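>
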Ligand SMILES: Cc1ncc(C[n+]2csc(CCOP(=O)(O)OP(=O)(O)O)c2C)c(N)n1
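Residue numbers (my numbering): 46 to 495.
#1: Helix or strand or just coil, what does DSSP make of residue 225?
#2: How many whole angstroms separate the CB atoms of residue 65 and residue 155, which I take to be in contact at a CB cut-off of 8 angstroms?
#3: Go ahead and label residue 149 buried or exposed: buried means 16 or more other beta carbons lie within 10 angstroms of its beta carbon, across all protein chains shown.
#4: Pairing CB atoms from the region 293-307 with CB atoms from the region 419-437, are three or more of them under 8 angstroms?
#5: Roughly how many whole angstroms lie between the Cα atoms of residue 186 and residue 215?
#6: Mapping DSSP to helix, strand and coil, what is residue 108?
#7: What does DSSP give as the partner residue(s) for residue 435 in the beta ladder?
#8: With distance defined between alpha-carbon atoms, name the residue in 316, 309, 341 and 365 nearest to residue 326.
#9: Can you list, in chain order, every residue whose CB sits closer than 7 angstroms to a heavy atom of ligand 1?
#10: Let me check understanding here. Comparing Cα to Cα, which of 368, 311, 128 and 163 lies closest to residue 387?
#11: Is it right to say residue 171 is buried, meaning 16 or more other beta carbons lie within 10 angstroms of its own, or is it exposed?
#12: So, helix, strand or coil for residue 173, using DSSP?
#13: Between the region 131-144 and the region 101-118, are three or more C-beta pairs nearer than 8 angstroms?
#14: Can you list, in chain order, the residues of its chain with a C-beta nearer than 6 angstroms to that of residue 85? Leave out the 5 residues immediately preceding and following it.
#15: Measuring CB to CB, does residue 204 end up less than 8 angstroms from residue 72?
#16: For the region 318-336 against the region 260-275, do three or more pairs of beta-carbon atoms, one drawn from each stretch, fall closer than 8 angstroms, so that the two count as touching?
#17: Run the CB neighbour count on residue 481, radius 10 Å, all protein chains shown included, and call it buried at 16 or more, exposed below.
#18: Taking buried to mean at least 16 other C-beta atoms within 10 Å of its own C-beta, is residue 348 buried or exposed?
#19: Drop a sphere of 10 angstroms on the beta-carbon of residue 167, count the other beta-carbons inside from all chains shown, and report buried for 16 or more, exposed for fewer.
#20: Taking 8 angstroms as the cut-off, decide whether the C-beta atoms of residue 184 and residue 228 are in contact.
#21: Does residue 335 pass the burial test, meaning 16 or more other C-beta atoms within 10 Å, or should it be called exposed?
#22: Indicate whether residue 431 and residue 452 have their beta-carbon atoms separated by less than 8 angstroms.
#23: Could you check the C-alpha separation between residue 353 and residue 391 for me, to the nearest Å?
#24: Locate the alpha helix (DSSP H) running through residue 202, then write down its first and last residues.
#25: So for residue 386, helix, strand or coil by DSSP?
#26: From which residue to which residue does the alpha helix (DSSP H) around residue 425 run?
#27: What is the rounded straight-line gap between the Cα of residue 201 and the Cα of residue 242?
#28: Does DSSP put residue 156 in a helix, in a strand, or in coil?
#29: Give the range of the alpha helix (DSSP H) segment to which residue 474 is assigned.
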């Protein structure tokens, strides 16, 4: 859909700027400081339109260094994030002093830095530097977006993250954030119809006060990679609330009465009935879950307190540091459980020496007293089909970036840090990649003798 929007659009950068500033106002920014420039022209025009509509106060300043400090003062007096628009090149670097002050005084600033397309960096093109990193360690984070991505939802998502992080709405640590926007000519024109954003809120809770979720909507919990303690909490919460729990193995929530073993094969047939998804941890394993988390016709509640909440489909509608779940319709869980039992009969027909067969056999041998390290490629997906068991080991997998490197050493480290026996289930390439880590004990012995 976005593709059609853009292939027909005469000035994607003008539209991107209009969407970005529409979202800036939508998330509650009231003041925008703008410095003149040509690459930033789409943002300047969009800011002028927003001011004309009475949605922001626009402050024009010539010198970016002063503009940064002016924005700092505004943010200090209003207590809200203030946006500063600058053009590409040295203009960005001129924000450094104000961002330094904002970082250490914890003042919310959003630096909207206009940039040239990444393909021009390093070619000697005019006014083109690598702007990601140019402000060093000063911003809390650098959010990157590109007009050429043709994705209004991505642009809105970037602004939401930037403002939430700058204001410390989840972390309670405000500060400066840089949003670097790659823009390509034409830089002036008509934005036309600006596609509307989806609803979005961040619950401003007091620390330790979870948001109660209305038990009404047909809800599923998606649990991705997280610690054993957090996973156990989610399994119990889902069980109490009778909410189907779609839990990846390294969520450590794949246990209890609400866990649905074959969820990734059942999701397509339940997709139309689902009304709300609660996301915990960092889910990455399967395409049906990614598709679910990309839907905009659902309420998607992401439970995360870090400011870096997972939202690869740009569709989170609520972000909250903690939630409580009311008891839902037990019939809803019963439907999932019945479908899961029927699916089990088919999964169990897979050969014992298949990946899922081996993973299930291994899990059947392990108890709460064991720890299991799963290779980040097929082994974790195989374990994701295993039956739900009462006794389950602590499960670990390097799913942060899903590398197959260092898995043997990771397992060693888990064994060294805990008291449980550790079993690792990895593929042959994963084992070979890190086979030298098996020499660890030998190496220590040798250095002792040196
Ligand atoms: C460091 C790193 N290099 C390359 C990859 C790409 N990659 C993903 S899966 C895979 C093959 C893994 O094979 P194996 O360990 O035998 O496991 P399985 O085939 O059972 O998934 C590779 C090379 C990766 N994820 N991480």
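Every residue, glycine too, gets a C-beta built ideally from N, C-alpha and C. Note that the coordinates shown come from a computational prediction; the quantities given were computed from them, not determined experimentally.
Reading off the structure:
#1: strand
#2: In fact, because the Cβ distance is near 10 angstroms, the residues do not count as touching under 8 angstroms.
#3: exposed
#4: yes
#5: 14 angstroms
#6: coil
#7: DSSP lists no partner for residue 435.
#8: 365
#9: 400, 420, 421, 422, 423, 424, 447, 448, 449, 450, 471, 472, 473, 474, 475, 476 and 478
#10: 311
#11: exposed
#12: coil
#13: yes
#14: 130, 132 and 159
#15: yes
#16: yes
#17: exposed
#18: buried
#19: exposed
#20: no
#21: exposed
#22: no
#23: 39 angstroms
#24: 197-211
#25: helix
#26: 423-428
#27: 7 angstroms
#28: strand
#29: 473-478
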